[in-house]
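> Residue numbers (my numbering), protein chains in the order written: chain A, 962 to 1265; chain B, 78 to 597.
Glycine is no exception: its CB is placed at the ideal position from the N, C-alpha and C atoms.
Keep in mind that this is a model prediction, so the values were computed, not measured.
#1: Can you tell me the Cα-Cα spacing of residue 237 of chain B and residue 589 of chain B, whole angstroms?
#2: What are the residues in the region 303 to 323 of chain B lying within 7 Å of chain A by C-beta distance?
#3: Could you name each continuous alpha helix (DSSP H) segment of 4 residues or more that falls completely within the region 1183 to 1257 of chain A, going from the start of the chain to the end?
#4: Quick one: which residues of the region 966 to 996 of chain A get their C-beta closer than 8 Å to a C-beta of chain B? List them in chain order.
#5: Can the beta-carbon of residue 280 of chain B be found closer than 7 Å to that of residue 196 of chain B?
#6: Considering only the beta carbon of each residue, do residue 175 of chain B and residue 193 of chain B sit closer than 7 Å?
#7: So, does the CB of residue 245 of chain B fall closer than 7 Å to a CB anywhere in chain A?
#8: So residue 1073 of chain A and residue 1156 of chain A are in contact, right, with Cβ under 8 Å, and what is the actual spacing, rounded?
#9: I'd like to know if residue 1225 of chain A contacts chain B, where contact means its C-beta is closer than 7 Å to some C-beta of that chain.
#10: Who are the neighbours of residue 1104 of chain A on chain B, taking C-beta pairs under 9 Å?
#11: Can you confirm whether the region 253 to 272 of chain B touches the region 131 to 148 of chain B when touching is taken to mean that 3 or more C-beta pairs between the two stretches lie within less than 8 Å?
#12: Under the rule that 16 or more other beta-carbon atoms within 10 Å means buried, what is residue 329 of chain B, buried or exposed?
#13: Curious, which full-length beta strand (DSSP E) runs of at least 3 residues does the region 506 to 579 of chain B contain?
#14: Between which two residues does the beta strand (DSSP E) containing residue 158 of chain B stretch?
#15: Could you check what DSSP says for residue 175 of chain B in three-state terms: helix, strand or coil?
#16: In angstroms, rounded to a whole number, what distance separates the CA positions of residue 118 of chain B and residue 278 of chain B?
#17: Please give the ranges of any alpha helix (DSSP H) in the region 293 to 332 of chain B, keeping only runs that are unbroken, at least 4 residues long and fully inside the region.
#18: Are residue 572 of chain B and residue 334 of chain B touching if we call contact CB-CB under 7 Å?
#19: Under 7 Å, Cβ to Cβ, is there at least one residue of chain A near residue 223 of chain B?
#20: Using the beta-carbon of each residue, which ones in chain A are nearer than 7 Å to residue 258 of chain B?
#21: Please list, in chain order, the residues of the region 322 to 354 of chain B that have any C-beta partner in chain A closer than 7 Å.
#22: Which stretch, first to last residue, makes up the alpha helix (DSSP H) that contains residue 988 of chain A?
#23: Can you confirm whether the region 349 to 356 of chain B touches the region 498 to 514 of chain B when touching is taken to mean that 3 or more C-beta pairs between the two stretches lie within less than 8 Å?
#24: Say whether the region 237 to 255 of chain B touches the region 140 to 150 of chain B, bearing in mind that this needs 3 or more beta-carbon pairs closer than 8 Å, one atom from each stretch.
#25: Ordered along the chain, which non-local residues of its own chain (more than five positions away) have a Cβ less than 6 Å from that of residue 216 of chain B?
#26: Measuring alpha carbon to alpha carbon, tell me which residue in B/537, B/544 and B/485 is nearest residue 516 of chain B.
#27: From the beta carbon of residue 87 of chain B, is the nearest beta carbon of chain A less than 7 Å away?
#28: Under the rule that 16 or more other beta-carbon atoms within 10 Å means buried, what is residue 986 of chain A, buried or exposed?
#29: Can you name the residues that DSSP bridges to residue 180 of chain B?
#30: Under 7 Å, Cβ to Cβ, is there at least one residue of chain A near residue 569 of chain B?
#31: With residue 476 of chain B and residue 997 of chain A assumed to form a contact (beta carbons below 8 Å), what rounded beta-carbon distance in angstroms separates them?
#32: When you compare each of A/1174, A/1246, A/1216 and A/1150 to residue 1191 of chain A by their alpha carbons, which one comes out closest?
#33: Tell me the DSSP bridge mates of residue 349 of chain B?
#34: Along the chain, which unbroken stretches of the beta strand (DSSP E) at least 3 residues long are found entirely within the region 328 to 411 of chain B?
#35: Return helix, strand or coil for residue 225 of chain B, following the three-state DSSP convention.
#36: Could you name the residues of the same chain whose beta carbon sits closer than 7 Å to that of residue 382 of chain B, not counting the 5 residues immediately before and after it, in chain order?
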């Protein structure tokens, strides 16, 4: 297990390095930050001064070596737009996205496993059909539309919840609910399918014959074997949420990493883009390792 | 293989278990929902403003950038002079009480006595000098510098409350230019600050990045105390959410909403936002180097068809690069009549004289430039195709647009028409005409000695002569050389809570003076 994690970590580090090189040069290809930072009628002299001030007038290779040198000292540079260290900006945004993703995924995992398993157990029944329809709608519904409808109904119409922003626990309900829908739809379908085949296995019959009650049968005996494909999907969804909650963050004015990344790309705030990508990549690699560990814990065959 | 569904007893039991499991959750959720009351505890004179874009900086020298200006300008940081856009007072004193043209390009400003910065220090002439030094410093990318592109300023502090500013070349609108530079204390460093200190009626008491900015009223402000005691600024990029926040009572002012969500006459205001939309013609390229082709472009476009459909009601047809509130605006100019037959005839005539009218004409438009820009650009292209132009459309992103928009323009077969939006709320055409029409102008498609001469004379003139000369420039570029396809003066839409006594104006595009807001 330790060996596997070690190998994984080395592979991840190499990928991070490759990613950094790729993003650094690709971002430079997208255009000149001086054009975007300064107004459209800025003089050429102003643009030159801006480039000189931020080292953007240096040869590309020199910019890169400087960047790598600083990075080795954990210095991600300054945000052009915000005049602050890029890493601070990114970590601040992470401090919002991480709990958002964590809360949402916890609810997704618990509800999807419980409802998906029960649906599989009751296959073809009313509850199963209900879960299937709801999950299908959930997996295919556009978040943008759901978010706006949720605000119109629950905030403006009923006045139950704040429209957007952060501050109180109530502010989290709509973003979590909207963000929940799609992963829930996907995960519940995978749980249902996976549990369906697990429930058909001979050992389940044996357990049933021994008089094991329904709930222990599902959640104690069968669940563990049905979980492997589910964990992969949960991992994918969680990773997507770490950098892809853009729409939900944008609409609800949630100051998270997804929104920050899109804004920084549009504004050519290179240092923030790079810092955000590196931190996100790191987070995703860590998550992948956690998934590997979970795999190993669930299935002893994988440990070796 | 036996499927669990055959176990009828099991299924019934499961249903019961599910009910048992879900019931507490449902009941809990219902109870919770009735307990929710997102009431905002605030004083009656506190307001909340929801802006479309987060502030990345709060430095006073960036106040000409509209999202920063709406928070800072004249609230935290004040300028020497101020342009009245609500009434007809023109240029008004603010931190300068009076000013006088001393000749030879020098203006003398008499400063207000007894003014204190929010850090307790006194405001004097050295602060004015330092504020300008900072704007022109290459240590910091201050934005207001661009308005002084070709002008060198030198400062002479006469005494604490008198300063002489000399401009080379002489600037007849120097007092107007003073509306663009916010005054900071002389201790302010030559880098962006995160705690703006100013002489205005408010101080920034809180800035939580990504979330909110809070301004509190100052007790020791030199002028009249405004009614608003505290203003909280929130940032939401979705217009429907901004409008919804005012409707739900979470915010009082949403300065930019779209026509689609502006559906409440009691709270939604439309006003000219000082933006002008136009197609820039490059008169150096074929076939647009022929006057008849440029006239045909203008006659081919049915401008009225856009208003109330893809553009909001209230949008006006443009006859100049600047809105009608600008000095020297020419009331005699008429928008070109929509006449497809005339357009075809003009093209035929040009063709008969050897102009290759089949050369490609590419419209370059920028995504997100203004609401429905894609629809506008598509319709414009179609209208040109219908009269026989070989027109096509290319939608580009902002950085690519800039390559086509500013000189040197890239080579092309045929020509390009750049769809652009230009803002001038500053009261004088000097901020537009050189850039857009002079041979040396960075975004100009014109190369005409008469235009250059007129612009140079108008820029240097004062009073009635200045207004008359600007009028002449506008008429000449519009009627005689048909320099571009002027399209629309755009409107902005804002939603304002009914509890406020406040009507947004053109100025709302650049600033939001809290002292202008009252309560009903």
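Once the coordinates are examined:
#1: Position 160 of the second chain, counting from 1, holds the residue named residue 237 of chain B. Position 512 of the second chain, counting from 1, holds the residue named residue 589 of chain B. Roughly 30 Å between the two C-alpha positions.
#2: 311, 312, 313, 314, 315, 317, 318, 321 and 322
#3: 1184 to 1205, 1207 to 1212 and 1218 to 1227
#4: 991, 992, 993 and 996
#5: To locate residue 280 of chain B, count along the second chain from 1; it is residue 203. To locate residue 196 of chain B, count along the second chain from 1; it is residue 119. No, Cβ-Cβ distance for residue 280 of chain B and residue 196 of chain B is not below 7 Å.
#6: As a working mapping, residue 175 of chain B is identified with position 98 in the second chain. As a working mapping, residue 193 of chain B is identified with position 116 in the second chain. It is not a contact, given that the beta carbons lie outside the stated cut-off.
#7: Position 168 of the second chain, counted from the start, is the residue given in the question as residue 245 of chain B. False, the Cβ-Cβ gap to chain A never drops below 7 Å.
#8: Counted from its first residue, the first chain places residue 1073 of chain A at position 112. Counted from its first residue, the first chain places residue 1156 of chain A at position 195. That pair is no contact at about 11 Å.
#9: By one-based count along the first chain, residue 1225 of chain A stands at place 264. No, because no Cβ of chain B sits closer than 7 Å to the Cβ of residue 1225 of chain A.
#10: Reading the first chain from its first residue, position 143 is the one you call residue 1104 of chain A. Result: empty, since nearest Cβ-Cβ is about 12 Å, beyond 9 Å.
#11: yes
#12: Within the second chain, the letter at position 252 stands for residue 329 of chain B. Looking at its Cβ environment, which holds 16 or more other Cβ atoms inside 10 Å, residue 329 of chain B is buried.
#13: 561 to 573
#14: Along the second chain, read from residue 1 onward, the residue named residue 158 of chain B stands at position 81. Note, residue 158 of chain B: beta strand (DSSP E), 158 to 160.
#15: Working through the second chain from its first residue, we reach residue 175 of chain B at position 98. Correct three-state label for residue 175 of chain B: strand.
#16: Translated into positions along the second chain, residue 118 of chain B becomes position 41. Translated into positions along the second chain, residue 278 of chain B becomes position 201. In this predicted model, residue 118 of chain B has a pLDDT of only 47, less than 50, meaning its place in the structure is not dependable enough to derive any value.
#17: 316 to 324
#18: Indexing the second chain from 1 puts residue 572 of chain B at position 495. Indexing the second chain from 1 puts residue 334 of chain B at position 257. Their beta carbons are under 7 Å apart, which means residue 572 of chain B touches residue 334 of chain B by this criterion.
#19: As a working mapping, residue 223 of chain B is identified with position 146 in the second chain. Output row for residue 223 of chain B: interface = yes.
#20: Position 181 of the second chain, counted from the first residue, corresponds to residue 258 of chain B. What residue 258 of chain B touches in chain A: nothing, since even the nearest Cβ is about 15 Å away.
#21: 322, 324, 325 and 327
#22: Here residue 988 of chain A corresponds to residue number 27 of the first chain, with the count starting at 1. Residues 963 to 990.
#23: yes
#24: no
#25: In the second chain, the residue the question calls residue 216 of chain B occupies position 139. Taken in chain order, the residues that qualify are 267.
#26: As a first step, residue 516 of chain B is located in the second chain; it is residue number 439 there, counting from the start. With distances taken between Cα atoms, residue 516 of chain B lies closest to B/485.
#27: Residue mapping note: residue 87 of chain B aligns to position 10 of the second chain, counting from 1. With a pLDDT of 45 at residue 87 of chain B, under the threshold of 50, the modelled position of this residue cannot be trusted, and the question is left open.
#28: One-based indexing of the first chain puts residue 986 of chain A at position 25. Residue 986 of chain A should be labelled exposed.
#29: Looking up residue 180 of chain B in the second chain gives position 103. The partner list for residue 180 of chain B (beta bridge, DSSP) reads B/183.
#30: As a first step, residue 569 of chain B is located in the second chain; it is residue number 492 there, counting from the start. Judged by the 7 Å Cβ criterion, residue 569 of chain B is not in contact with chain A.
#31: Within the second chain, residue 476 of chain B is the residue found at index 399, counting from 1. Within the first chain, residue 997 of chain A is the residue found at index 36, counting from 1. Going by Cβ atoms, the distance from residue 476 of chain B to residue 997 of chain A rounds to 6 Å, so yes, they are a contact pair.
#32: The sequence position of residue 1191 of chain A within the first chain is 230, counting from 1. Selected option, being the one with the closest Cα: A/1150.
#33: Reading the second chain from its first residue, position 272 is the one you call residue 349 of chain B. Answer by DSSP bridge pairing, in chain order: B/568.
#34: 330 to 334 and 345 to 358
#35: Numbered from its first residue, the second chain carries residue 225 of chain B at position 148. Correct three-state label for residue 225 of chain B: helix.
#36: Taking the first residue of the second chain as position 1, residue 382 of chain B is located at position 305. Correct list: empty, nothing qualifies.
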